[in-house]
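Student: Here it is, the structure, as C-alpha cells.
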Amino acid sequence: MQAARAVNMVEPGVIEHSAALSARDFGRLSRFIYDTCGIKMPDVKKTMLEARLQKRLRTLGIHSFTEYCDFLFSPEGMEKELVQMLDMVTTNKTDFFREPDHFHYLTQTVLPEWVKRHPGLTLSIWSAGCSSGEEPYTLCMVLSEFALRNPGFDFRILATDISTRVLEKAKTAIYTESQVEPVPMDLKKKYLLRSKDRSSGIVRIVPELREKVRFRRLNFMDDDFGMREQLDIIFCRNVIIYFDRPTQEKLLQRFHRQMKPGAFIFMGHSETLSGLDVPLASVYPTVYRRPK
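Note that the UniProt record's numbering has the sequence shown beginning at 1, numbered continuously upward.
Below, the structure written as C-alpha cells:
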C-alpha cells in the first residue's frame with residue numbers, strides 16, 4: 001500500500017521539512033479521534049495536533065499528513081500506529097495531592113462511613129484517567145495512613161489511561177523532586193525512596209504502595225470498560241472536560257453502572273453534572289453519589 005511503503009522512503013540522516021496539516025486531513029483526524037476515544041478536537045486545536053503528530057511523521061519517515069492518514073487508517077496502521085497516535089494527542093496533566101480538599105473529604109467523611117458499613121471487606125477504587133500515576137499513588141498514601149488508624153482496613157486501586165506512554169511511566173513510579181513537592185514532608189519520609197545518587201534529584205514510590213495499584217490501558221469509549229466488578233469509589237477528575245456534552249452523559253452513565261449502590265465519584269473542580277441525565281446526587285463540591 002502506498003502509505004505503508006512511504007515509511008521506508010527517507011534515508012538515515014536526511015532532514016525533512018515539517019509537514020503542514022491541511023484542513024481536509026485535520027478533519028479526517030479530528031473525526032477519527034472523536035469516534036475512537038470521544039475527545040473533541042475543534043478547529044482551534046489544529047496547530048496543537050499538527051505539532052504533536054509531526055514527531056510521528058519524522059519517526060516513520062512519512063512526508064505528509066495525507067500519507068500519514070492513509071497509513072493510520074489502513075489495517076497495518078490500525079495495528080501498529082493507532083496507540084502511538086493516541087499517545088501523542090492525549091493531554092496528561094496531573095499532580096500529587098491535586099485538589100486536596102477531595103482527599104480530606106475522602107478520609108473524614110467517605111471512609112469512616114464505608115468502614116462501618118463494610119467491616120472486613122476490601123475497598124475498591126478506580127483512578128480513571130490516571131496519567132503518569134500521581135493520583136493513584138496519592139490515594140495510596142492517603143488510604144495507607146487511614147489504614148494505620150483503622151486496623152483491618154484494606155484497599156486496592158485500579159488505575160487506567162488510554163496512553164501507554166504515561167502508563168509505563170506510572171508503573172516505574174519514578175518522579176523528580178519537583179514533581180513530589182506537593183507531598184507533605186511526613187509522607188515523603190514514609191513513602192518515597194531517594195536515589196543513592198542524591199544529585200540525581202529523583203525519588204521512587206516505595207514497593208508497598210506500588211503493589212497496591214494495578215495499571216492497565218482503557219478506552220472510555222469501550223461500552224463496558226472491560227470490567228466485571230463494581231466499585232466503591234471512582235476518581236475521574238479533569239477528564240470529561242475534553243468530551244462534548246452528549247459524550248459526557250454517555251460516559252457518566254457507564255460510570256454509574258460500574259458503581260456499587262452508595263458508591264462515590266470524584267470529579268474535577270472545573271466539571272459539573274448539571275444538565276446531564278445521570279442518576280447521581282451531589283454530596284460535596286464535585287463529588288457525587290449513586291443512591292443506595
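Backbone N, C-alpha and C define an ideal beta-carbon position, used for all residues, glycine too.
This structure is a prediction, so every number in the text was calculated from the model and none was measured.
Does the Cβ of H102 have 16 or more other Cβ atoms within 10 Å, making it buried, or fewer, making it exposed?
Tutor: buried
Student: Nearest by alpha-carbon distance to K45: which of S22, T66, R56 and E67 is it?
Tutor: S22
Student: Using alpha carbons as the reference points, say which of R245, R257 and K260 lies closest to T272.
Tutor: R245
Student: Short of 6 angstroms in beta carbon distance, which residues of its chain neighbour R289, apart from the five on each side in sequence? Order them along the chain.
Tutor: Closer than 6 angstroms at the Cβ level, and outside the excluded window around R289, lie F264, A281 and V283.
Student: Is DSSP giving E16 helix, strand or coil here?
Tutor: Low per-residue confidence applies at E16: pLDDT is 44, beneath 50, and the placement is therefore not dependable, though the value from the model is reported in the following sentence. Coil.
Student: Determine, using beta carbons only, whether V138 and L82 come nearer to each other than 9 angstroms.
Tutor: It is worth fixing the name first, because residue 138 is Thr in this sequence and not Val. With respect to the 9 angstroms criterion, T138 and L82 are not classified as neighbours on the basis of their beta carbons.
Student: Give me the Cα-Cα distance between L252 and R52, rounded to the nearest whole angstrom.
Tutor: 29 angstroms
Student: Roughly how far, in whole angstroms, is the beta-carbon of I33 from the beta-carbon of F243, given that I think they are within contact range, below 8 angstroms?
Tutor: Wrong, their Cβ atoms sit about 11 angstroms apart, outside the cutoff.
Student: Going along the chain, which residues of its own chain have a beta-carbon closer than 8 angstroms to the beta-carbon of M88, five neighbours each way excluded?
Tutor: Excluding positions up to five away in sequence, the list reads R52, L53, K55 and R56.
Student: In chain order, what residues of the same chain have a beta carbon less than 8 angstroms from the beta carbon of I15, not counting five sequence neighbours either side?
Tutor: Because I15 sits at a pLDDT of 35, beneath the cut-off of 50, its placement in the model cannot be relied upon, and the following sentence gives the value as read from the coordinates. Once the five neighbours on either side are set aside, I15 has no close Cβ partner at all.
Student: Determine whether the beta carbon atoms of T94 and E134 lie at a separation below 9 angstroms.
Tutor: yes
Student: Between R28 and A20, what straight-line distance do the alpha-carbon atoms span, to the nearest angstrom?
Tutor: 14 angstroms
Student: Could you compute how far the alpha carbon of R194 sits from the alpha carbon of L167?
Tutor: 22 angstroms
Student: Measuring alpha carbon to alpha carbon, tell me which of E208, R156 and P75 ends up nearest I234.
Tutor: R156
Student: Select from S64, P136 and F220 the residue whose C-alpha is nearest the C-alpha of R214.
Tutor: P136
Student: Can you check which of these residues, T59, W114, F96 and V142, is closest to K212 by C-alpha distance?
Tutor: V142
Student: Is the number of C-beta pairs between the stretch 59-77 and the stretch 103-115 that are closer than 8 angstroms three or more?
Tutor: no
Student: Please check the pair F225 and Q258, which I expect to be a contact at CB under 8 angstroms, by giving their CB distance rounded to whole angstroms.
Tutor: Confirmed, Cβ separation roughly 7 angstroms.
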